[in-house]
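Engineer: So in numbering that gives the first Met the number 0, spot 301 of the sequence shown is number 300, and the numbers just go up one at a time. Quick reminder that beta carbons are idealized off the backbone N, C-alpha and C, glycines included.
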Amino acid sequence: MSPRIAAFLSGLGLPDLPAGASIDGWTAAMPEAALQDMGLDREQLAAHLHLLLQAESAEPAAERAAIHTLTVEGGHGKDGHAEHDALVLSAGEIVCIVGPTGSGKSRLLADVECLAQGDTPSGRRILLNGALPTPDQRFAPDCKLVAQLSQNMNFVVDLTVGVFLDMHAACRQIDPNSGVTGRIIAIANSLAGERFGPDVSLTQLSGGQARALMIADAALLSESPIVLIDEIENAGINRRDALDLLVSEDKIVLVSTHDPLLALLGNRRVIISHGRIADVITTSEAEKAVLIQLEDLDAAMLAVRERLRRGERIEDTIVWAHHSPRERLHVR
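As structure tokens, this is what we get:
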């Protein structure tokens with residue numbers, strides 16, 4: 000039996016497909032009560048199993064063409080005016096999206112997520128390696144090229160962190176004894192201020208812990224070469240380390256943000272105005288110098304936050320020592 004089908008059925012708690020059985024015959028014989036208990040639709044289940052079988056016989060994932068560039072061909076804004084020329088993003092690059100609330104930042108992320116082909120309100124088209132995406136790249140669930148981390152990362156599935164990661168590894172045909180689950184949890188703990196272990200329920204994770212877990216998962220387990228992040232600044236995690244982790248895996252990273260520190264961490268920033276790409280600015284050397292000052296301020300604020308968490312009072316004079324890269328906070 001197909002390993003992908005086996006992993007999928009195991010994740011649903013269903014028995015293996017018997018040897019020699021057809022997908023359509025097996026799903027047709029499944030009791031209606033069992034399907035209803037699991038909230039499954041017979042036709043959708045059969046269709047998904049066929050997709051998995053087709054993917055198994057297709058070119059192996061490791062041999063599929065890598066995504067080196069993503070191109071956003073300009074569409075139009077809310078007023079109908081054409082937007083900026085084509086935007087080309089490369090693997091290992093961070094591009095930030097900035098603009099007022101309601102300007103259209105999330106629309107750009109959504110266009111990339113669905114690999115739009117002029118069929119969204121913006122009229123944009125997305126190219127992969129300079130070419131149109133194939134139907135499989137756009138629609139087949141087994142060929143998902145884009146991972147998206149939204150503002151709200153609340154889990155509803157009643158699983159522990161370890162079981163969830165083991166299931167994801169199994170779906171990716173990664174040996175559960177490879178240690179990947181432990182590495183993901185360790186990295187997530189390095190990003191978040193609050194530590195957690197594999198036995199913690201997903202539903203008990205804080206917003207920052209959940210975001211850290213999914214960033215580590217996207218970097219180490221997900222095959223998606225494109226990662227979209229919507230407002231990471233409020234997650235309570237180490238933002239620079241999170242972005243460094245993703246680009247170290249040669250991901251194309253798009254971040255929507257209002258945070259000046261994050262905006263300057265990107266190689267470029269896309270300016271959104273009235274629903275269109277109004278400009279693209281490359282981060283200058285002078286701005287990188289400003290970024291160092293912002294990181295000083297951010298480190299000091301993080302230190303104050305840790306003191307508050309420990310129940311300490313903040314009644315001191317705070318000064319910044321620029322000669323110490325990591326120990327920014329000094330109290331008189």
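In the DSSP assignment, find the unbroken alpha helix (DSSP H) run with residue 221 in it and report its ends.
Structural biologist: Premise fails: residue 221 is in no alpha helix (DSSP H) and is neither H nor E.
Engineer: Among the candidates 224, 190 and 134, whose CA atom is the shortest distance from the CA of residue 248?
Structural biologist: 224
Engineer: Report the rounded CA-to-CA distance for residue 309 versus residue 303, giving the unit in angstroms.
Structural biologist: 10 Å
Engineer: Closer than 6 Å by C-beta to residue 91: which residues in its own chain qualify, once you throw out the five before and the five after it? Chain order, please.
Structural biologist: 246 and 249
Engineer: With residue 75 and residue 306 assumed to form a contact (beta carbons below 8 Å), what rounded beta-carbon distance in angstroms separates them?
Structural biologist: Not a contact, Cβ separation roughly 50 Å.
Engineer: Rounding to the nearest angstrom, what Cα-Cα distance links residue 138 and residue 113 in this structure?
Structural biologist: 8 Å
Engineer: Excluding the 5 residues preceding and the 5 following residue 5 in the sequence, name in chain order all residues of the same chain whose CB lies nearer than 7 Å to its CB.
Structural biologist: 15
Engineer: In three-state terms, what does DSSP make of residue 80?
Structural biologist: coil
Engineer: For the alpha helix (DSSP H) containing residue 285, name the first residue and the last one.
Structural biologist: 284-308
Engineer: So, is residue 106 buried or exposed, given that buried needs 16 or more other C-beta atoms within 10 angstroms?
Structural biologist: By the Cβ-count criterion, residue 106 is buried, with 16 or more other Cβ atoms from all chains shown falling within 10 Å of its own Cβ.
Engineer: Could you name the residues of the same chain whose beta carbon sits closer than 7 Å to that of residue 93, not counting the 5 residues immediately before and after it, in chain order?
Structural biologist: 242, 246, 252, 254, 264, 265 and 266
Engineer: For the beta strand (DSSP E) holding residue 315, just list the boundary residues, first then last.
Structural biologist: Neither: residue 315 is in no beta strand (DSSP E) and is coded neither H nor E.
Engineer: Grab me the residues of residue 144's own chain with a C-beta within less than 7 Å of its C-beta, minus the 5 sequence neighbours each way, in chain order.
Structural biologist: 66, 136, 223, 224 and 225
Engineer: Using beta-carbon positions only, say whether residue 197 and residue 160 come within less than 7 Å of one another.
Structural biologist: Result yes, Cβ atoms of residue 197 and residue 160 sit closer than 7 Å.
Engineer: Which whole-angstrom value is the C-beta distance of residue 204 and residue 163, which I expect to be below 8 Å?
Structural biologist: 10 Å between Cβ atoms; not a contact.
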